[in-house]
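Everything on this sheet refers to the single structure shown next.
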Amino acid sequence: MKGGAAHIRDQSESLPLLQHRKSLPPSKEGKNGGQCLGLSLIISKRLAIWLCTLTLLATFALLSRQDHDGAYYTVPQAEQPKEQPQNIVTWDERSLFIRGQRVMVMSGELHPWRLVPSLYDDVFQKIKALGFNCVSFYVMWALVEPAPGNFTATGVFAYEPFLEAASRAGIYLIARPGPYINAEVSFGGYPGWMQRVNGQLRTRNPEYLAATDNYIAQIGAIIAKAQITNDGPVILYQPENEYTWGVPPRFPDGEYMQYVEDQARKAGIVVPIISNDAAPLGHNAPGTGAGEVDIYGHDDYPLKFDCSNPTSWPKGALNGLYHSIHEVQSPSTPFSILEFQGGAFDPWGGPGFENCALLLNEEFERVFYKNNLAAGVTIFNIYMVYGGTNWGNIGHPGGYTSYDYGSPIKEDFTVGRKKYSELKLLAQWLQMSPGYLTAKPGLAEVLTYCNDAAITVTRLKGDSTIGGGSFFIIRHSDYTSTVSTNYKLELPTSRGKVSIPALYGSLTLNGRDSKIAVTDYDVHGSTLIYSTAEILTHQKYTDRVVLVVYTGPGETNELAIKTTHKPKILVGDAVAVHHAGDLAIMTWDTSGERKVIRVGNLFIFATDRDSAYRYWVPSIGKTSAIILGPYLVRNASLHDYRTLSIQADFTENTTVEILGLSHLKSVIVNGVDTPFRDNNITISLDIHYKSPQLKIPVLASLKWRAADSLPELHSSYDDSQWPSADLSSNNTYQHQWTPTSLFASDYGFHAGVLVFRGHFVAQGTEESFDIQTQGGTAYGHTVWLNNTFLGSEIGKAGVSNARATYRIPDLLPGKPYVLTVIVDNMGLDENGVAGVDSGKAPRGILRYNLKSSWFRSTPIDWKLTGNLHGEDSVDRSRGPLNEGGLFAERQGWHLPKPPIGAFRKRSPLEPISEPGVWIFTSSFDLDLPSDYEIPLSFVLGGVTGGAARIQLYVNGWQYGKYISHIGPQTRFPVPEGILNYHGENWIALLIWTMEDQTTQLEDFRLERGLPVYSGRSAVKLVDSPSWKRRDGAY
C-alpha cells in the first residue's frame, strides 16, 4: 500500500461526510506567469497556464524537464513509501483513507478573511448542504504579521473560530498558509515589509527564508493544534502555492521547496503534505527528490478569465489527458486537483461578476466537472465556493472590492444561482457512490459505447472483486456544441452488452451537457443493471429504500433493475414498464410531473433536473433525510426515530416533502412543531412565508456632516511630524531613480492612499513639473502646488503607472513652496514567478523633475505618509490594511462617532466645485427581524462632471472603492455583523475629486435583497471601536 496507508480500527468520527458508510478495504495497488519548460516568459499566470497546456503533449512524450543546472532528468522514479508521522490520514493511488475508510474529498475554497467570523457557521452550513465534506483555505500573512516579528492573529484575524466552525459543521479542512498564496490579494499575501527584503522571493535566499520563519512557526502551530490527529478538522497541508513558474538557473529548486516543507513539520504539521502545481507539469511530485510532497496535485482554469463573452467556450479547453498524465507524473497518489475553476476574477473595467457566473455556469459544471470525474479525481477542490469581499484594501490591483468570483454562493451569501444547485447534484451522487473511488478510468472513446461519433463516452470500470459497477461519462465530442444529439448506448453489464434504450425511442444530449450513466450499481441491496437517468441520492430507512433520479428537459431515459417484483406506478402514468424474469425495465420522458415507482421495498422517485435542484439530503445519523422544497436545508436530526427536526430557509410559501421517513410523530421546522400529512409515499407540510416589513433608511435624507480631508493644501498646515523621505531603497525589482527613495513600502506604508509633500525653494525659473507615479492597475494621482491644482492622472483600466508633465506658474525666487501629490495605492502586485520579484513593484513616485531650464532642476525635499504610524497601525481591530493616508483616515474620522461638532452640514450628493478630498459622515438605525437573512448593499450611482474616486466606510470598515469612470462595481454588499441590524450604524464617504470642474455623485442608497426566512443562528457584531483622539495624529 503506497503512502503509508493502513488498515486501522474505526474510531469515533466527528467528520463523517462523504466518508462512505460502507467501509471499503484499501486497494493493493494568480497566478502569475513565468517559465514554461524553459521559456522565460513574464506573463499573466492564467495566460501562462494556457500556453503551457500546448506543451503538455510534448511533456508527456519526452517525459523530461530541466533542473537548475541545465541538465535533463527523467520523470519521477518509483516512489519508496515514506514513513508517515501519523496513521489517521493515509492514501493509495485511488483515494485518501481517513481512519481506514476511503474518502472522496469534495472541497470548495473559502477564505476566512474575506467574510466576518460571525458568518463562518452560515457559510459552512451552506457548503455542507451541497454535499461537500471539505473546505480549502488560504492564510493571508499580511494580516497577521504587519511588522517583522509582530505576529498577531487576534480578533477578526484569529483562525481558531474558523477552525472550530468547520468542526461544528462536520467539514474537513485543507490548510494553505503559503507563505506565498497569490489569491488575488495584495502582494499575493506577503506583508508589505517583504518589499524591503534584500533577496529574491520564493527562492532559497537566506534573508527571504529567515523572513518567513516566524510566520510559519506561528501559523503552523495554530494549524497543527487543529489537525485531525488532535480531533480537529485539518486533514491536508499545502506549503507554498503554485510553485510552477520561475527563472533559471535556480528553478525549479527542490531544496527551497524542502525548506518550506520542513518549516511546516517543525511547526507540528503531521498530516500529509500536498502540492498545487499551477498546471499538470509534475513539479515536486513524489519520487522527484528534495522538495517532493506526499501527494501531488495541480490546478486548472480551463475557460480562463475573460467574462466579456460568457457564452463563448474556447476550443482546446477540455483536458482529455488528465488521467494519462497523472499516471506518468504521480501514479502512487490519488489524482488531485487542488484548484479547479469555480468562477473567475474580474479586473477593473471588466464586465462584472454576473457575467463570470454565466461563463462558469451550471453547464460548465456539468461538462467540465464530470470530465474531471472521468479522469478519476478523488481530491477535488473548487476555487471558489464562496468568494467574499476584498474589504479594507486586501485585494491586489487587478481586482476591485467585490470578490464574488461568480461563485456558487454569492458575495451577499445567497444561494440562488443554478450553479449552486447543480453542484449539489454532483456532490450528493459522489456521497452515495463509493464504487467510484475504486473504478479505473478508461479512454475517452467514440463509437465504442455509442452509435454516434458526435458523442464521447469515458468508462470508469468498477472493481469487480468488490462488486463494483461501472460509470460512463457521456458528453458531446465537441464539448462547445449547443446542438441536441439523439443517440443510443451499448454498455457492458453483468447481463452482457445491452442496447439502451431497450423499450422505445432514443437518448438525447442537449447542448452543453454531460451525463453519468451507471451499470451494476448497488442501491442498498438492489442492483441497477443500468440507468441513464442520473442518480441524486439513495437512502435506506426502516421499511424502505428511496432512490431519487433526475433527467434533463426533452429527454428519454431508461432504468433497468434486477428484481422479481413487478414495478408498480404510484405517481405519474407516463412510464413504460417491461418485466420479465428477474429484470424490470422502465422508460419515461422528462416532464414536469414526478414519477414514483415501487419495486418491492424500493421507491424510485424520477424527477426533472430543475425540480431535483430543490432536494436536500442532510445527514440524520446513520442515514440521511431526503427533503424537497425549502430554499435551503442547513441541518436535520432524528430523535427516537419519531421526531424530525429541520433547520431550513424559505423565500416563499412552500410545501415541504419528506421522503422515506415513515412513522414520524412530529416534524419541527426552525423550532416550530408543524402539522403534516402522510400519504404512505411522502410526508408533506406547509410552511407559510411572510414577507417582513422592513424600514430601510433613505441615505440621501440623513443628516450629513462634512469636512475637508486635504488640509495639506493650506499654508498653515504643519507636516513636521511626517516621515522624511531620506532612505535609499534596496528594492530588488525597481531601480531607484530619485535622490532618495519615494517608494512607500520603504517607509512602512503598504495600503490605501499615499500623500507626498515636496518642499522646495523657488529659483524663479521653474517651468514644469514632470512626475511618474505608480499605484497599480486603475490607480490615479493628483498634484497641487501649494493650493493651486496642477492636474491629475484620473486612471484607466489596465494602467498601473503614468508619467505626466504639469506647467508651473510664475514663482517668486527665494520663496518656499510645497508640492502635494496624492497617489491611489490599489494594492501591491502578486509575485507568481519565483525569482522575478514582481510583487516588489513599488507604490509612490518613481521619477520627478522640477525643471528650471534645459540643464537645471530645482531640488525637492520630500515627506510622505500613508496610514497613521504605518506598520504599527493604530486600529488593531480592523487590521493593518483597512485605512490609508488621507487626513480624515489618519484622524480616524471614518470611524463611528467622529467629532462632527466642527464639521459643516453638507450632503455627499451636493456638487463639489473643485479638486480635493472631502469626508462625509452620518448615522442611521436599523431594526430588522432576527429570524430573516436580509442582504443589504450600498449602491453608488454615477458621477457627473469630473472624475472622482470614492471610498465607503461602514462602521469604520472599508467596504467599497468606487471609480465610476472605470467600473464596473456600483453595488457593495455589506454583511450583518459589520452592519448592526439592531442598532446604530455610521457610514462615511471619502470623495476625491480629480478634475477642475464641478463634480457630483448622483445617487447613494441602501438596498435590500430578497428576505430569507432563516434557520441560521444569530449573527454577532464584530468589534468596531468608535473614534477617539489618536496620539500622534498629524
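First residue of the sequence shown: 1, per this note's numbering; consecutive thereafter.
Idealized CB from N, CA, C, for every residue including glycine.
All values derive from a computational prediction rather than experimental measurement.
- Collapsing the DSSP output to three states places E145 in coil.
- Contact between the region 805–814 and the region 978–998 is absent: fewer than 3 CB-CB pairs across the two stretches fall below 8 angstroms.
- DSSP places F887 within a helical segment (H, G or I) once states are collapsed to three.
- In the same chain as Y259, and ignoring 5 residues on each side of it, the C-beta atoms closer than 7 angstroms to its own belong to R204 and L209, in chain order.
- In the displayed model, D294 falls within coil according to three-state DSSP, outside both helix and strand.
- Within its own chain, the residues whose Cβ lies closer than 7 angstroms to the Cβ of N276, once the five positions on either side in sequence are excluded, are Q238, N241, E242, G297, H298, D299, L338 and E339, listed in chain order.
- With fewer than 16 other Cβ atoms inside 10 Å of its own Cβ, G764 counts as exposed.
- In the structure shown, N831 adopts coil according to DSSP, grouped into three states.
- Relative to D404, the option among L850, N355, E363 and E995 whose CA is nearest is N355.
- In the structure shown, S852 falls within a coil segment according to DSSP collapsed to helix, strand and coil.
- When secondary structure is reduced to three states using DSSP, N980 falls in the coil class, being assigned neither helix nor strand.
- Proximity to G511 across S645, V367 and G178 peaks at V367, based on C-alpha coordinates.
- The C-beta distance from N731 to Q195 rounds to 6 angstroms, short enough to meet the 8 angstroms contact threshold.
- With respect to L846, Q774 sits close: the two C-beta atoms are nearer than 7 angstroms.
- If you draw a straight line from the Cα of Y1013 to the Cα of N680, it is about 29 angstroms long.
- A direct Cα-to-Cα measurement between Q84 and S95 gives close to 16 angstroms.
- Scanning Y631, E976 and I235 for the CA closest to the CA of Q86 turns up I235.
- Between A427 and G131, the gap from beta carbon to beta carbon is short of 7 angstroms.
- Check the Cα spacing between G748 and each of H869, Y932 and I379: the tightest is with H869.
- Close CB contacts of T643 within its chain, under the 8 angstroms cut and outside five residues either way in sequence, are with L664, K665, S666, V667 and I668 (chain order).
- Assigned with DSSP and collapsed to three states, Y243 falls in coil, not helix or strand.
- Across the set A290, H965 and W193, the C-alpha of W193 shows the shortest separation from the C-alpha of A142.
- In the three-state scheme derived from DSSP, where H, G and I count as helix and E and B as strand, F335 is classed as coil.
- Judged by DSSP in its simplified three-state form, K419 adopts helix.
- Counting along the chain, the unbroken beta strand (DSSP E) around G108 starts and ends at V105 to E109.
- For F353, the enclosing alpha helix (DSSP H) has its first and last residue at F353 to L359.
- Within the DSSP secondary-structure output, M586 pairs in a beta bridge with L559 and V577.
- Annotated as proximal: I919 and L990, with beta-carbon spacing under 7 angstroms.
- When DSSP assignments are scanned along the region 391–470, the uninterrupted stretches of alpha helix (DSSP H) that are 4 or more residues long and fall wholly within it turn out to be 418–431.
- Per DSSP, the beta-bridge partners of E657 are L628 and S684.
- Secondary structure of K863 (DSSP, three-state): strand.
- In this structure, S330 sits near A285, with a CB-CB distance shorter than 7 angstroms.
- Taking all protein chains in view, the Cβ of S332 is crowded by 16 or more other Cβ atoms within 10 Å, so the residue is classified as buried.
- Distance check between G660 and each of V596, T651, H688 and L702 places V596 closest, using alpha-carbon atoms only.
- Looking at the backbone, the Cα of G376 and that of T465 are separated by about 19 angstroms.
- For secondary structure counted as the beta strand (DSSP E) over 3 or more consecutive residues, the region 168–230 holds these complete runs in sequence order: 172–178.
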